[in-house]
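Quick notes on the structure that follows.
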Amino acid sequence: MTAELLVNITPSETRVAYIDGGILQEIHIERDARRGIVGNIYKGRVSRVLPGMQAAFVDIGLDKAAFLHASDIMPHTECVAGEEQKNFAVRDIAELVRQGQDLMVQVVKDPLGTKGARLTTDITLPSRYLVFMPGASHVGVSQRIESETERERLKNVVQGYCDEQGGYIIRTAAEGIGEQELASDAAFLKRLWVKVTERKKRNQNRCRLYGEVALAQRILRDFAGAGLDRIRVDSRLTFEQLLEFTSEYIPDMTGKLEHYNGKQPIFDLYDVENEIQRALDRKVELKSGGYLIIDQTEAMTTVDINTGAFVGHRNLDETIFNTNIEATQAIARQLRLRNLGGIIIIDFIDMSNEDHRRRVLHSLEQALNKDRVKTSISGFSQLGLVEMTRKRTRESIEHVLCGDCSVCKGRGTLKTVETVCYEIMREIVRVHYAYDSDRFLVYASPTVGDALKSDESHALAEVELFVGKEVKVQIEPLYTQEQFDVVMM
Numbered sequence: 001m002t003a004e005l006l007v008n009i010t011p012s013e014t015r016v017a018y019i020d021g022g023i024l025q026e027i028h029i030e031r032d033a034r035r036g037i038v039g040n041i042y043k044g045r046v047s048r049v050l051p052g053m054q055a056a057f058v059d060i061g062l063d064k065a066a067f068l069h070a071s072d073i074m075p076h077t078e079c080v081a082g083e084e085q086k087n088f089a090v091r092d093i094a095e096l097v098r099q100g101q102d103l104m105v106q107v108v109k110d111p112l113g114t115k116g117a118r119l120t121t122d123i124t125l126p127s128r129y130l131v132f133m134p135g136a137s138h139v140g141v142s143q144r145i146e147s148e149t150e151r152e153r154l155k156n157v158v159q160g161y162c163d164e165q166g167g168y169i170i171r172t173a174a175e176g177i178g179e180q181e182l183a184s185d186a187a188f189l190k191r192l193w194v195k196v197t198e199r200k201k202r203n204q205n206r207c208r209l210y211g212e213v214a215l216a217q218r219i220l221r222d223f224a225g226a227g228l229d230r231i232r233v234d235s236r237l238t239f240e241q242l243l244e245f246t247s248e249y250i251p252d253m254t255g256k257l258e259h260y261n262g263k264q265p266i267f268d269l270y271d272v273e274n275e276i277q278r279a280l281d282r283k284v285e286l287k288s289g290g291y292l293i294i295d296q297t298e299a300m301t302t303v304d305i306n307t308g309a310f311v312g313h314r315n316l317d318e319t320i321f322n323t324n325i326e327a328t329q330a331i332a333r334q335l336r337l338r339n340l341g342g343i344i345i346i347d348f349i350d351m352s353n354e355d356h357r358r359r360v361l362h363s364l365e366q367a368l369n370k371d372r373v374k375t376s377i378s379g380f381s382q383l384g385l386v387e388m389t390r391k392r393t394r395e396s397i398e399h400v401l402c403g404d405c406s407v408c409k410g411r412g413t414l415k416t417v418e419t420v421c422y423e424i425m426r427e428i429v430r431v432h433y434a435y436d437s438d439r440f441l442v443y444a445s446p447t448v449g450d451a452l453k454s455d456e457s458h459a460l461a462e463v464e465l466f467v468g469k470e471v472k473v474q475i476e477p478l479y480t481q482e483q484f485d486v487v488m489m
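In terms of full-length UniProt numbering, the sequence shown opens at residue 1 and continues consecutively.
Here is the structure:
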């Protein structure tokens with residue numbers, strides 16, 4: 001099973017597809033006009049303190065003020081044991097910051113919808129194998145490195161690089177890596193931190209102190225150690241930039257880079273374009289004949305599983321169980337592919353067998369183990385729903401590629417022709433009582449106009465009789481189904 005990255009470059013847009021076993025697993029899109037700022041470090045100024053919300057708004061030079069919660073003004077706790085974390089009590093925001101104060105902050109969430117970016121004062125700088133934590137004195141190890149012997153080895157090696165400047169988190173990609181590479185990474189991160197602090201001293205006003213690298217470079221850094229077989233890039237310029245980047249920072253990836261110059265568009269190699277279109281649909285078909293319905297709202301994402309055309313081979317319990325097991329794999333993939341985050345509620349088909357419920361939950365956990373984004377599953381609730389969360393830092397693919405429908409205004413549904421017809425009739429009666437007129441002219445969309453002249457003509461005739469005036473209908477081809485005007489003549 002091969003794993004590869006496809007990098008597609010078009011003017012002002014970069015797209016990176018992660019293919020595993022010939023199937024699209026992740027898609028990352030970055031546009032110059034809306035480039036993500038997660039990881040960027042800024043010198044900002046507190047514009048407002050809100051004690052009631054335990055938060056402050058910080059001006060970092062963006063259109064919207066960024067949001068800083070009291071819990072994000074904390075020392076490094078990523079690799080502190082759960083019991084020890086309880087000792088880090090969240091203090092009152094008014095004691096931590098004041099209006100007009102200058103702060104060094106880092107973006108942990110891009111602006112999403114109407115919300116500004118979310119910040120932390122807990123600065124971290126990532127490289128291929130390590131994450132530098134300024135001001136910390138400890139070393140943390142990624143939980144994905146399971147071997148206790150390897151964890152201990154890495155910790156002992158990296159502990160020697162800790163000093164008054166800061167400590168480190170050892171990333172998953174560091175497993176099996178030698179001391180020389182780790183030392184090189186640590187030295188690079190310290191040099192970078194010195195540059196950041198120097199910029200802070202030089203600049204009196206708000207400014208950006210450090211910017212994350214572009215999407216293509218960032219993905220290569222984050223996929224270091226992910227077992228990639230090759231990386232194909234369809235732009236000569238970007239290919240050369242990535243060669244330079246990898247030779248300096250990730251030498252073992254340089255040999256995997258290829259410049260793709262085939263006549264067929266690079267995303268057509270694995271049907272990526274069609275997969276992106278399918279990732280925008282509510283309905284996801286399962287191979288068995290069942291399907292998922294995925295609804296994304298501002299508060300949460302819901303996933304509903306249905307057996308559909310799948311009738312099974314044995315009995316109802318087995319049919320339901322097999323559909324739910326298949327759905328766990330599809331759900332894990334869809335969460336990665338669509339980049340869904342926040343609260344996710346999964347409505348599996350009801351299972352009376354407790355063993356089936358346990359096995360479905362285990363299957364979901366196993367499927368989510370492949371996800372590079374942190375997930376947490378709370379298990380089945382009293383209502384039989386599985387509640388989980390997935391860390392959200394960037395917008396979902398739907399929010400990147402789509403906007404609200406100009407017709408339904410983001411509702412996702414339209415009023416029926418019948419509903420609009422009755423609204424028109426009520427409007428005629430309202431206008432009749434409010435103004436004097438001899439007759440009425442109704443402008444309506446083709447579907448509504450045809451209905452008023454045919455299926456609803458008898459109801460319109462009753463309205464004419466009630467108001468004692470003639471009502472004419474004129475079709476406006478450019479009107480949407482919900483659009484109409486009642487004009488007095």
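Ideal placement from N, C-alpha and C gives every residue a C-beta, glycine not left out. Since the structure is predicted, the reported quantities are computational estimates derived from the model, not experimental observations.
query, result
"Using only CA atoms, which one of V157, C162, V194 lies nearest to I177?", "V157"
"Within 10 angstroms of its Cβ, does N8 collect 16 or more other Cβ (buried), or is it exposed?", "buried"
"Look up F267 in the DSSP assignment and say whether it is helix, strand or coil.", "helix"
"As an exercise, report each continuous alpha helix (DSSP H) stretch of at least 4 residues that is fully enclosed by the stretch 310-398, in chain order.", "316-338, 354-368"
"Quick one, are the C-beta atoms of I305 and T319 less than 9 Å apart?", "no"
"Given that a residue counts as buried once 16 or more other Cβ atoms are within 10 Å of its Cβ, and exposed if not, what is C421?", "buried"
"Between L6 and L269, is the Cβ-Cβ spacing less than 9 Å?", "yes"
"In three-state terms, what does DSSP make of R206?", "coil"
"Could you tell me whether the Cβ atoms of S445 and K469 are closer together than 9 Å?", "no"
"Cβ atoms of R230 and E4: under 9 Å apart, would you say?", "yes"
"Can at least three beta-carbon pairs, one atom from the stretch 414-434 and one from the stretch 373-392, be found at a separation below 8 Å?", "no"
"Could you give the DSSP three-state label for G52: helix, strand or coil?", "helix"
"Skipping 5 residues on each side, what residues in its chain have a beta carbon closer than 7 Å to that of L414?", "V407, C408, Q481, E482"
"Whole angstroms is fine: what's the gap from Y161's alpha carbon to R128's?", "16 Å"
"Hey, quick one: how far does the alpha helix (DSSP H) through N8 stretch, first residue to last?", "Element bounds for N8: not the alpha helix (DSSP H) but the beta strand (DSSP E), 3-10."
"Excluding five sequence neighbours on each side, which residues of the same chain lie with their C-beta closer than 7 Å to the C-beta of N339?", "R394, S396, I397"
"Do you know how far the Cα of I325 is from the Cα of E285?", "14 Å"
"What residue range is occupied by the uninterrupted alpha helix (DSSP H) comprising P134?", "From DSSP, P134 is part of no alpha helix (DSSP H) but of the beta strand (DSSP E) over 130-134."
"Does the distance from the C-beta atom of T301 to that of G342 stay below 9 Å?", "yes"
"Go ahead and pull the three-state DSSP assignment for K256.", "coil"
"Tell me whether L460 sits in a helix, a strand or coil according to DSSP, three-state version.", "helix"
"In the DSSP assignment, what are the bridge partners of T302?", "D295, I345"
"Would you check if the distance between the CB atom of L68 and the CB atom of L103 is smaller than 9 Å?", "yes"
"Is it buried or exposed, V386, if we count other Cβ atoms within 10 angstroms and call 16 or more buried?", "buried"
"So, under 8 Å CB-CB, L24 and L337 are touching, yes? Tell me the CB distance rounded to an integer number of Å.", "7 Å"
"From the DSSP output, in three-state form, read off E476 for me.", "coil"
"State the Cα-Cα distance for the pair V463 and E476, rounded to the nearest angstrom.", "22 Å"
"Here's a check: name, in chain order, each residue in its chain whose Cβ is nearer than 7 Å to the Cβ of Y435, leaving out the five neighbours to either side.", "M488"
"Alpha carbon to alpha carbon, how far is I170 from E150? Give it in angstroms, no decimals.", "11 Å"
"Can you tell me which of L383, I346, D317 puts its alpha carbon nearest to the alpha carbon of H356?", "D317"
"Identify the continuous beta strand (DSSP E) that holds M104 and give its terminal residues.", "102-109"
"Since L401 and L280 should fall inside the 8 Å C-beta cutoff, what is the C-beta to C-beta distance between them, to a whole number of angstroms?", "7 Å"
"Taking only three categories from DSSP, how would you classify H138?", "coil"
"Would H458 be called buried (16 or more neighbouring beta carbons within 10 Å of its own) or exposed?", "exposed"
"Measure the C-alpha to C-alpha separation of V486 and Q474 and round it to an integer number of angstroms.", "10 Å"
"Could you tell me whether any non-hydrogen atom of the ligand SAH is closer than 8 Å to the CB of C408?", "Questions concerning the ligand SAH fall outside what the structure shown contains, since it holds no ligand whatsoever."
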